[in-house]
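Below is one structure, written out as structure tokens, with a few remarks after it.
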Amino acid sequence: MKQKNRFLKVLTVLVLFWLAFYCYYSFQGYVLTEQKALNSLLRGKEAQIVYKKKVDEEHTLLMLQEGQYEEAIHISTRLGMWYRVDGSMSLSKRPPEDSMDYTWSASTNPNGNYDLMVAVKIMDPKITRVVVSNDGTYEFGIDPEENLDDIMFLSSVHMDLELEDGYGIAYREIPINESTAMVFRGLDKDGNMISRLW
Numbered sequence: 002m003k004q005k006n007r008f009l010k011v012l013t014v015l016v017l018f019w020l021a022f023y024c025y026y027s028f029q030g031y032v033l034t035e036q037k038a039l040n041s042l043l044r045g046k047e048a049q050i051v052y053k054k055k056v057d058e059e060h061t062l063l064m065l066q067e068g069q070y071e072e073a074i075h076i077s078t079r080l081g082m083w084y085r086v087d088g089s090m091s092l093s094k095r096p097p098e099d100s101m102d103y104t105w106s107a108s109t110n111p112n113g114n115y116d117l118m119v120a121v122k123i124m125d126p127k128i129t130r131v132v133v134s135n136d137g138t139y140e141f142g143i144d145p146e147e148n149l150d151d152i153m154f155l156s157s158v159h160m161d162l163e164l165e166d167g168y169g170i171a172y173r174e175i176p177i178n179e180s181t182a183m184v185f186r187g188l189d190k191d192g193n194m195i196s197r198l199w
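Be aware that the sequence shown starts at 2, since it is given in the working numbering, and climbs by one per residue.
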């Protein structure tokens, strides 16, 4: 009888602990599966994930496509079982003559910094690499004198996007004062800059 009572007490404590745990994360907007987190963004059955990148154990980046509409999504994970969409942004559609669609977003996080997310879709097959920076060079066109060493020197944020199937996406936590306009540069396989957008 004592063992049964002890078992019931332990079971009750575990259930109460789980309920408290569940309520804590639920009130913060977390759900138990990645798909449930995405359901709030899915507008129809045709939406599909076209690109996915796991940054680390707590951050996953996705590119979602539905017809002509494409959206970059940041999902945060806690304890490997709680999922929440922490940011989403649609790709900025550029004129057909431009080399890539792109977007970026910076939003405050609990640490007092910004969660920066950048994403691109490449239209020019010559582009094999995209460099994103906050160096503040906003002139149109390509500067033949510009090089990546200068860009790294002038910028406090410098992200080299890995491209896969024409998509690239990256996440980084940055200080708030570093969230200035981002410049997207497309490079070919030889490292030549063939596109610059901001």
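All C-beta atoms, glycine included, are put in the ideal place defined by N, C-alpha and C.
- Item | Given 8 Å, three or more beta-carbon pairs between the segment 49-60 and the segment 92-110 | Three or more beta-carbon pairs separated by less than 8 Å are not found between the segment 49-60 and the segment 92-110, which leaves the two stretches without contact.
- Proximal residues to Y168 (C-beta, below 8 Å), its chain only, five neighbours per side dropped: Sequence index remark: in the sequence shown, residue 168 carries index 167 (1-based). In its chain, beyond the 5 residues on either side, V51, Y52, M64, A120, V121, K122, I123 have a beta carbon closer than 8 Å to the beta carbon of Y168.
- Below 8 Å on the Cβ atoms is my guess for M118 versus Y172; work out the distance and round it to an integer in Å. Within the sequence shown, residue 118 is the residue found at index 117, counting from 1. Within the sequence shown, residue 172 is the residue found at index 171, counting from 1. Contact check for M118 and Y172: beta-carbon distance about 5 Å, within the 8 Å limit, so the pair qualifies.
- Give a yes or no on contact between the segment 74-94 and the segment 150-163, applying the rule of three or more CB pairs nearer than 8 Å. Three or more Cβ pairs closer than 8 Å define a contact, and the segment 74-94 falls short of that threshold against the segment 150-163.
- Query: How would you label M153, buried or exposed, when you count the other beta carbons within 10 angstroms and need 16 or more for buried?
  - Reply: Position 152 of the sequence shown, counted from the start, is the residue given in the question as residue 153. Around the beta carbon of M153, fewer than 16 other beta carbons lie within 10 angstroms, which makes this residue exposed.
- Query: For Y168, which beta-bridge partners are listed by DSSP?
  - Reply: As a working note, residue 168 is residue 167 in the sequence shown. Partner(s): K122, E165.
- Taking C-alpha atoms, which residue in E71, Q69, G88 lies nearest to T61? Taking the sequence shown and counting its residues from 1, the one referred to as residue 61 is at position 60. The option with the nearest alpha carbon to T61 is G88.
- Exposed or buried, what is D151 when buried is set at 16 or more other beta-carbons lying within 10 Å of its beta-carbon? Walking along the sequence shown from the start, residue 151 turns up at place 150. D151 comes out exposed.
- Item | Assigned secondary structure, E179 (DSSP; H/G/I helix, E/B strand, else coil) | As a first step, residue 179 must be located in the sequence shown, where it is residue number 178. Here E179 sits in helix by DSSP.
- Using alpha carbons as the reference points, say which of K127, N148, Y70, E58 lies closest to S134. As a first step, residue 134 must be located in the sequence shown, where it is residue number 133. Checked all of K127, N148, Y70, E58; the closest Cα to S134 is N148.
- Task: Going by CA-CA distance only, name the one from E58, N178, I76 that's closest to Q36.
- Result: The sequence position of residue 36 within the sequence shown is 35, counting from 1. Comparing Cα positions, the closest option is I76.
- Query: Quick one, which of I74, E59, Q49, A73 has its alpha-carbon nearest E67's?
  - Reply: Residue numbering aside, residue 67 sits at position 66 when the sequence shown is read from its first letter. Minimum Cα distance to E67 is reached at Q49.
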